[in-house]
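Have a look at the structure below, then the notes.
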Amino acid sequence: MAALKDYVGGNARKLFLNYASWDAAAAHWYTEPWLGSRRESIHGTYSAGNFDDQSFPNTGLKVTFDTHVLTYYDERAAYSLHKVWKADAMNPEIKTENFQFDEGSVIVKAAIFVSDDPKKQSDWWPGVTQGAAQWPLYIAIPEGQQGAARTVVNGYVMQFDIIVKDSVAAPKTGWVFATLVYDADAPGKDAWDKMVPLGAQWGNDPDVNSALNPPPPLKENWINPVAPFYATQTLGWGGRLSGPNDGARNNIQVGDNVMLNAPDSSCMSCHSPAQWQPVQHKMLSFLLPSYPNPKAGPPFRPCPDGKPDDPYICSPAPGSKDWFRWFQDRLGTEPFDPDTGSIATDFDMVFAFKSLPMWWKAIGPADQPALFAIRPSGAAKRYNEYSGAPLAR
Ligand code: HEC
Numbered sequence: 066m067a068a069l070k071d072y073v074g075g076n077a078r079k080l081f082l083n084y085a086s087w088d089a090a091a092a093h094w095y096t097e098p099w100l101g102s103r104r105e106s107i108h109g110t111y112s113a114g115n116f117d118d119q120s121f122p123n124t125g126l127k128v129t130f131d132t133h134v135l136t137y138y139d140e141r142a143a144y145s146l147h148k149v150w151k152a153d154a155m156n157p158e159i160k161t162e163n164f165q166f167d168e169g170s171v172i173v174k175a176a177i178f179v180s181d182d183p184k185k186q187s188d189w190w191p192g193v194t195q196g197a198a199q200w201p202l203y204i205a206i207p208e209g210q211q212g213a214a215r216t217v218v219n220g221y222v223m224q225f226d227i228i229v230k231d232s233v234a235a236p237k238t239g240w241v242f243a244t245l246v247y248d249a250d251a252p253g254k255d256a257w258d259k260m261v262p263l264g265a266q267w268g269n270d271p272d273v274n275s276a277l278n279p280p281p282p283l284k285e286n287w288i289n290p291v292a293p294f295y296a297t298q299t300l301g302w303g304g305r306l307s308g309p310n311d312g313a314r315n316n317i318q319v320g321d322n323v324m325l326n327a328p329d330s331s332c333m334s335c336h337s338p339a340q341w342q343p344v345q346h347k348m349l350s351f352l353l354p355s356y357p358n359p360k361a362g363p364p365f366r367p368c369p370d371g372k373p374d375d376p377y378i379c380s381p382a383p384g385s386k387d388w389f390r391w392f393q394d395r396l397g398t399e400p401f402d403p404d405t406g407s408i409a410t411d412f413d414m415v416f417a418f419k420s421l422p423m424w425w426k427a428i429g430p431a432d433q434p435a436l437f438a439i440r441p442s443g444a445a446k447r448y449n450e451y452s453g454a455p456l457a458r
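Per my numbering: the sequence shown = residues 66 to 458.
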């Protein structure tokens, strides 16, 4: 992890701390096409999730916060963007080999946290955000509220993912997923130095049933034993890696049993359904363990059937056969739903969950269902962009 941090450090430190000198073209760091209409105008970030103190108990969090993200592909990784999108990004060539990232490809993703309360823009997470890099965002607060005017607010850069195609370290999946989180108490001279490893994951531990008591140890996952407390509150199922921005804990319903803030995912679990069905123009399975929704609405079936505003994801039981569909090890050439015509996108979720859907929305027939139906416009409630779960407040 130190080597990965070092490898991206020259560029990342500029991006974090000296935006005036940041030049993505000179760094050969590239962004994806088709997300433009969703990007805010200063750093080009786009909205990702929202969290409140249900996700971060006993950490002193005083507000609900929104998260914004920004992904960059290094030169080798960006070659796969080119193979799929070609020069004009209008006619993607959807073939398994085009989505494959070459050995050594590195993709990074920064997550910026911003208070949702227009009146509480500072000191909203005492101790935790202190000294973190601050980025101005030109967005409406609270985000997604109809008619709220845009303004410049400061967010904190709290998470920085680094994933690398490394088939030696990760023979079963081809990828190592790693993330750094901000630690106000870490040694170092600036906010980049204080980004510490939360952990690394190179597989989903399909042989480890974490529903057992006590849960057996994981073998394809490492968590930093001295990671900052807040960042350990959002780890995934059985302690599999997931970061504070990632939404690996959700309110789920298994039969009649409601489980709040239940760990039901991980970095590689959530990225494993990255696939595209080129005739139906969508991903056939959702990010999180769930049953597909036969009706319009969120991509997973709400529980019980039929209530669009129902707050719980209808989930298979933790540790069951259906649940383990989301905790398998497979290479990025193999689609999550085999024999369905789906093409695997090599774990890349921007392709599968954002850029291909936005491309199809723009060039496909006009009467398609809303793209991000998980946040219906004008709805009183607000939704987590990834899980689709309505927010507590
Ligand atoms: C609950 C789902 C979920 C979890 C957990 C999750 N991600 Fe993602 N990730 C996504 C989605 C969806 C996208 C694409 C859309 C976006 O960026 O808004 C994405 C995008 C990314 C990207 C950009 C390139 C790509 O593959 O699309 C990186 C890098 C990344 N995630 C790393 C991580 C790491 C590292 C972790 C764990 C520390 C993690 N993710 C956990 C859902 C998840």
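Even glycine gets a Cβ: it sits at the ideal position worked out from N, Cα and C.
Here the structure is a predicted model, which means the values were calculated and not measured.
Query                                                                                                                                                                      : Result
What are the boundary residues of the beta strand (DSSP E) that Pro422 is part of?                                                                                         : Careful: Pro422 lies outside any beta strand (DSSP E), inside the alpha helix (DSSP H) at 421 to 428.
List the endpoints of the continuous beta strand (DSSP E) containing Arg314.                                                                                               : 314 to 319
Below 7 Å CB to CB, which residues in the same chain sit around Phe166 once its five sequence neighbours on both sides are set aside?                                      : Ala142, Ser145, Lys230, Asp411
Tell me, please, which residues DSSP counts as bridged to Gly220.                                                                                                          : Trp200
For the candidate residues Gln119, His133, Thr129, whose alpha-carbon lies nearest to that of Ser108?                                                                      : Before going further, note that residue 108 is His rather than Ser in the sequence given. The option with the nearest alpha carbon to His108 is His133.
For the 8 Å Cβ check, are there 3 or more pairs between the stretch 172 to 190 and the stretch 211 to 223?                                                                 : yes
For the alpha helix (DSSP H) that contains Asn76, what are its first and last residues?                                                                                    : 67 to 82
Evaluate contact between the stretch 193 to 202 and the stretch 246 to 262, counting only Cβ atoms and requiring at least three cross-stretch pairs below 8 Å.             : yes
Which residue comes first and which comes last in the beta strand (DSSP E) that contains Asn326?                                                                           : 322 to 328
According to DSSP, is Phe166 helix, strand or coil?                                                                                                                        : coil
Looking at Asp402: is its Cβ nearer than 8 Å to the Cβ of Gln340?                                                                                                          : yes
Should Ala265 be flagged as near chain B, meaning a C-beta pair shorter than 8 Å?                                                                                          : The structure shown contains no chain B; it is built from a single protein chain.
Got a sec: does the ligand HEC put a non-hydrogen atom nearer than 7 Å to the Cβ of Asp226?                                                                                : yes
Nearest to Asp188 by CA position, among Val319, Ala265, Leu126, Ser380, is which residue?                                                                                  : Leu126
Cβ of Asn60 within 8 Å of Cβ of Ser331?                                                                                                                                    : Residue 60 cannot be examined here, being either before or after the span of the chain that is shown, 66 to 458.
Is there contact here, the stretch 381 to 394 with the stretch 413 to 431, by at least three beta-carbon pairs under 8 Å?                                                  : no
Would you say Lys419 touches the ligand HEC, meaning its beta carbon is less than 7 Å from a heavy atom?                                                                   : yes
Taking Pro422 as the reference, give the member of Glu97, Ala85, Thr405 with the closest Cα.                                                                               : Glu97
Within the same chain, show all residues whose beta-carbon is closer than 6 Å to that of Trp391, passing over the 5 residues directly before and after it, in chain order. : Ser334, Pro354
The ligand HEC and Ala113: does any heavy atom of the ligand fall closer than 7 Å to the residue's C-beta?                                                                 : yes
Could you give the C-beta distance for Leu69 and Ala292, rounded to a whole number, given that I count them as a contact under 8 Å?                                        : Rounded, the Cβ-Cβ distance is 16 Å, inconsistent with contact.
Kindly provide the ranges of any beta strand (DSSP E) runs that are 3 or more residues long and lie completely inside the stretch 261 to 309, ordered along the chain.     : 286 to 288
If you run the structure through DSSP and keep just helix, strand and coil, what is Val193?                                                                                : coil
Among the residues of its own chain, which have a CB less than 8 Å from the CB of Ile428, if the five just before and after it don't count?                                : Met155
Heavy atom of the ligand HEC less than 7 Å from the Cβ of Lys174, yes or no?                                                                                               : yes
Looking at the unbroken alpha helix (DSSP H) that takes in Trp388, where does it start and where does it end?                                                              : 386 to 389
Going by the beta-carbon positions, is the gap between Ser120 and Gln298 smaller than 8 Å?                                                                                 : yes
Just mark Asp88 as buried or exposed, buried being the case when its beta carbon has 16 or more other beta carbons within 10 Å.                                            : exposed
For Thr244, is the beta carbon positioned less than 7 Å from some heavy atom of the ligand HEC?                                                                            : yes
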